[in-house]
Amino acid sequence: MIHLRNVRKKYFEQEQPALRGVTFRMKPGEFAFLVGPSGSGKSTLLRILHGEEAASSGIILVNNYDVTHLDRRQLPYYRRTVGMVYQDFRLISDRTVEENLAFAMRVIGAPDKEIRERVAEVLEQLELTGHRHKYPTELSGGEQQRVAVARAILNHPALVLADEPTGNLDPKLSYEVMKLFERINEDGTTVLVVTHEQSLVDQFHKRVIRLEEGKIIADKEGGSYQP
Ligand code: ADP
Numbered sequence: 214m215i216h217l218r219n220v221r222k223k224y225f226e227q228e229q230p231a232l233r234g235v236t237f238r239m240k241p242g243e244f245a246f247l248v249g250p251s252g253s254g255k256s257t258l259l260r261i262l263h264g265e266e267a268a269s270s271g272i273i274l275v276n277n278y279d280v281t282h283l284d285r286r287q288l289p290y291y292r293r294t295v296g297m298v299y300q301d302f303r304l305i306s307d308r309t310v311e312e313n314l315a316f317a318m319r320v321i322g323a324p325d326k327e328i329r330e331r332v333a334e335v336l337e338q339l340e341l342t343g344h345r346h347k348y349p350t351e352l353s354g355g356e357q358q359r360v361a362v363a364r365a366i367l368n369h370p371a372l373v374l375a376d377e378p379t380g381n382l383d384p385k386l387s388y389e390v391m392k393l394f395e396r397i398n399e400d401g402t403t404v405l406v407v408t409h410e411q412s413l414v415d416q417f418h419k420r421v422i423r424l425e426e427g428k429i430i431a432d433k434e435g436g437s438y439q440p
């Protein structure tokens with residue numbers, strides 16, 4: 214669940230704010246694309262939703278957390294409810310696929326048995342079991358992104374955010390990765406994907422939220438990339 218009201222963000226050294234009063238809601242289990250020109254505030258919005266960046270003002274409620282007023286103690290608990298996928302995968306290069314996943318659960322203090330079971334389950338779910346002993350450099354871009362998606366859903370987040378997740382992939386793999394997000398969404402997870410991929414947005418017929426100059430200028434169910 215996302216509920217943003219009048220969210221503003223001005224970086225310290227900036228003249229024009231990155232976000233100028235952003236208001237929208239996403240119900241649990243919804244899927245939306247977030248589109249807009251470069252510099253319109255998409256990444257800023259995702260970083261705020263992920264608790265990496267504080268808004269300058271406004272109301273931000275996500276997964277029953279008041280994100281604006283999270284203290285240091287609550288932040289790691291909040292972050293567990295949000296999975297994040299990046300354009301450049303961000304896997305740990307000197308660990309195998311299996312170790313990358315196990316690490317993401319170990320840092321939140323999950324017991325070994327639970328880690329073993331859940332990692333095996335997610336590897337299976339994302340058809341990565343055969344790759345579990347490989348290092349990221351031994352995988353194709355599409356496979357690496359599949360591992361990153363596996364890592365994002367390991368801890369059963371209520372919300373998955375993705376920042377240009379197909380930016381480094383060719384069209385066929387991009388489609389497959391977007392299908393993965395759709396599958397995750399069908400399992401009940403809320404999914405918000407930042408993308409520039411016009412053809413994918415048009416193919417998937419999802420809600421499309423368009424940002425321009427820090428403001429939402431369109432928000433449409435079954436929308437297309439072009440406003
Ligand atoms: P998008 O993801 O749509 O390309 P961003 O959120 O990255 O947009 O950027 C929105 C605006 O905020 C831009 O003008 C950008 O230069 C600025 N910006 C982004 N991150 C920072 C930062 N860490 N410090 C200062 N300005 C930033």
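Numbering-wise, the sequence shown is residues 214 to 440 according to this note's numbering. Just so you know, even glycine gets a beta-carbon here, dropped at the ideal spot from N, CA and C.
{"query": "Any non-hydrogen atom of the ligand ADP closer than 7 Å to E226 Cβ", "result": "yes"}
{"query": "Close-in-space but distant-in-sequence residues of the same chain around G296 (CB under 6 Å, 5 per side omitted)", "result": "A365, I366, P370 and V373"}
{"query": "Buried or exposed by the 16-neighbour rule on C-beta atoms within 10 Å, applied to P446", "result": "The requested residue 446 does not occur in the structure, where the chain is confined to residues 214 to 440."}
{"query": "As assigned by DSSP and simplified to three states, the class of G343", "result": "helix"}
{"query": "Option in G322, T309 and F394 with minimal Cα separation from P349", "result": "T309"}
{"query": "Contacts around T281, its chain only, beta-carbon distance under 8 Å, and the 5 residues preceding and following it disregarded", "result": "A267, A268, G271, I272 and I273"}
{"query": "K433, buried or exposed, once every other Cβ within 10 Å from all chains shown has been counted against 16", "result": "exposed"}
{"query": "Cβ-based burial, V335 [other Cβ within 10 Å; buried from 16]", "result": "buried"}
{"query": "Cβ-heavy atom distance, A245 to the ligand ADP, below 7 Å", "result": "no"}
{"query": "G401 versus G242: straight-line alpha-carbon distance, rounded", "result": "5 Å"}
{"query": "Where A431 falls, given that 16 or more other Cβ within 10 Å makes a residue buried", "result": "exposed"}
{"query": "Short Cβ contact (8 Å threshold) for N368 with M318", "result": "yes"}
{"query": "Distance cut-off 7 Å: S437 Cβ against heavy atoms of the ligand ADP", "result": "no"}
{"query": "Rounded C-alpha distance that separates D307 from N219", "result": "42 Å"}
{"query": "Beta-bridge partners of L217, as assigned by DSSP", "result": "F237 and I273"}
{"query": "Cβ shell of P378 (< 7 Å), same chain only, five flanking positions each side left out", "result": "V298, Q300, Q358, V390 and V406"}
{"query": "DSSP three-state assignment for G436, whether helix, strand or coil", "result": "coil"}
{"query": "Closest residue to L288 among P324, I261 and K347 (Cα-Cα distance)", "result": "I261"}
{"query": "Among G355, K326, Y438 and H418, nearest to E340 - alpha-carbon criterion", "result": "G355"}
{"query": "Near the ligand ADP: K255 beta-carbon under 7 Å from a heavy atom", "result": "yes"}
{"query": "Presumed contact (8 Å Cβ cut-off) between Y291 and G264, rounded CB distance", "result": "6 Å"}
{"query": "Assigned exposure category for T408 - 16 Cβ within 10 Å defines buried", "result": "buried"}
{"query": "Alpha helix (DSSP H) runs contained entirely in the region 386-439, provided each spans 4 or more residues", "result": "411-417"}
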